[in-house]
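2 protein chains.
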Amino acid sequence: MLIGELAERAGTSTRTLRYYEAHGLVRPRRSANGYRVYDEAELRVVREIRALLDVGFGLDDVRPFVACLRAGNASGDVCPDSVLVLRRKLAEVDDYLDRLTAVRQQLRTQLTHAIAHREETCPRKRQSAP
Amino acid sequence: MLIGELAERAGTSTRTLRYYEAHGLVRPRRSANGYRVYDEAELRVVREIRALLDVGFGLDDVRPFVACLRAGNASGDVCPDSVLVLRRKLAEVDDYLDRLTAVRQQLRTQLTHAIAHREETCPRKRQSAP
DNA sequence: CCTTGCCTTGACGCTGACGACAAGGTTTAG
DNA sequence: CTAAACCTTGTCGTCAGCGTCAAGGCAAGG
């Protein structure tokens, strides 16, 4: 399988696959003419990467999952390193949820205040800006 | 008040103030020697900007609040344009909260699964990477 | 005069995950 | 012979909000 086919099957771009390779996440063989050649297993790897990135992981966070898959496991999350990352990410998400919730509360308060003390003086729309 | 003093009083840097000015958020006068001169009101403006950025607003979102303050209002959020932004931001935050909550749920599920099917095969630590 | 400490503009760096080109090699089909 | 459709490496651009020099002007004190 060449890079174009893998890209299409994984629902991504060739640029992306080369980027992953540059960061050590994917390791294709090379054919005689220098083309990248991937085997079927890489498709699952790339899909794992994409799924994790979509969830908000960084490339570094993804590495243990790829290694786990490549070690022959059915899914990438059953290895100790992956579990560590999962725990850490869960904690990060929890933190972020807390902060976002606080922000939401502040926004609601501010909205209430703003509507109560509505428009004392209003700025006029400017027509152009140099 | 010169830029250094304002920066210190607002708890930020001169670079930041020049950046805000470049984006039309702050408008100092100039003294004879070309130095930026700010009056007391700008301190409140800068603090408003900082507060909103901290909450996750972008510079563009902040503009209406600055205009509102500059129009003579006690707080920057009482003008119609500010209220529009507040509503939009609140909606954005709600959206984000939903997605983050979904992600959190997925992480928990994945963790549970991972711990159940623990370590069938484990990748060995690599010692170096070229 | 010289140093210190302000100030000025200008321009590059950073983070992350790529998109978008450029300039060229390879293979296949017509 | 040539066009089409792959592939290669390399480099710059993107978004945001600044940090961090660089090179120099201005004001005041010893």
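Sequence order for the protein chains is A and B.
For the first sequence, the positions run 1 to 130 when full-length UniProt numbering is used.
For the second sequence, the positions run 1 to 130 when full-length UniProt numbering is used.
Heads up, the beta-carbon is just placed ideally off N, CA and C, and yes, glycines get one too.
(message) Quick check: the Cα distance between Y20/A and E48/A, rounded to an integer number of angstroms?
(response) Cα-Cα distance, rounded: 12 Å.
(request) Whole angstroms is fine: what's the gap from A129/B's alpha carbon to A67/A's? (result) The predicted model places A129/B with a pLDDT of 35, which falls under 50 and marks its position as unreliable, so this point remains unresolved.
(message) I need the DSSP call for V37/A, collapsed to helix, strand or coil.
(response) Strand.
(message) Nearest by alpha-carbon distance to A10/A: which of D94/A, S75/A, A41/A and A74/A is it?
(response) Ranked by Cα distance from A10/A, the options D94/A, S75/A, A41/A and A74/A are led by A41/A.
(request) Kindly list, in the order they appear in chain B, the residues whose Cβ is closer than 8 Å to that of G56/A. (result) For G56/A, the C-beta contacts it makes with chain B under 8 Å involve V103, in order along the chain.
(message) One question on the structure: do L107/A and L86/B come within less than 8 Å of each other, judged by their Cβ atoms?
(response) Taking 8 Å as the Cβ cut-off, L107/A and L86/B qualify as a contacting pair.
(message) To the nearest angstrom, how far is the alpha carbon of V62/B from that of P64/A?
(response) C-alpha of V62/B to C-alpha of P64/A: approximately 41 Å in a straight line.
(message) Please classify residue 152/B as buried or exposed, where buried requires at least 16 neighbouring CB atoms within 10 angstroms.
(response) One cannot answer for residue 152/B here, as it falls past the ends of chain B, which runs 1 to 130.
(request) Enumerate in chain order the residues of its own chain whose CB-to-CB distance from I3/B is below 6 Å, with the five nearest sequence positions on each side excluded. (result) Answer for I3/B: T14, L17 and R36, listed in chain order.
(message) Taking the alpha helix (DSSP H) that R9/A belongs to, which residues open and close that run?
(response) Run containing R9/A: I3 to A10, per the alpha helix (DSSP H) assignment.
(message) On the CB-based measure, 16 or more other CB atoms within 10 Å of its CB, does S31/B come out buried or exposed?
(response) In this structure S31/B is exposed. Its beta-carbon is surrounded by fewer than 16 other beta-carbon atoms within 10 angstroms.
(request) Taking only beta carbons into account, state which residues of the stretch 104–117 of chain A come closer than 8 Å to chain B, listed in chain order. (result) If the cut-off is 8 Å between Cβ atoms, the stretch 104–117 of chain A has R104, Q106, L107, R108, Q110, L111, H113, A114, I115 and H117 near chain B.
(message) The alpha helix (DSSP H) that contains C68/A, what's its start and end?
(response) Following the DSSP letters along the chain, one finds C68/A inside the alpha helix (DSSP H) bounded by residues L59 to R70.
(request) For R87/B, return the contacting residues in chain A, with the cut-off set at a CB-CB distance below 8 Å. (result) Identification of chain A residues near R87/B by a Cβ-Cβ cut-off of 8 Å yields L111, ordered along the chain.
(message) One question on the structure: do R104/B and L52/A come within less than 8 Å of each other, judged by their Cβ atoms?
(response) No, they are not a contact pair.
(request) For V37/B, return the contacting residues in chain A, with the cut-off set at a CB-CB distance below 9 Å. (result) The contacting residues do not exist; V37/B stays about 21 Å from chain A at best.
(message) Going by beta-carbon coordinates alone, are A114/B and V55/A separated by less than 8 Å?
(response) Contact flag unset, no.
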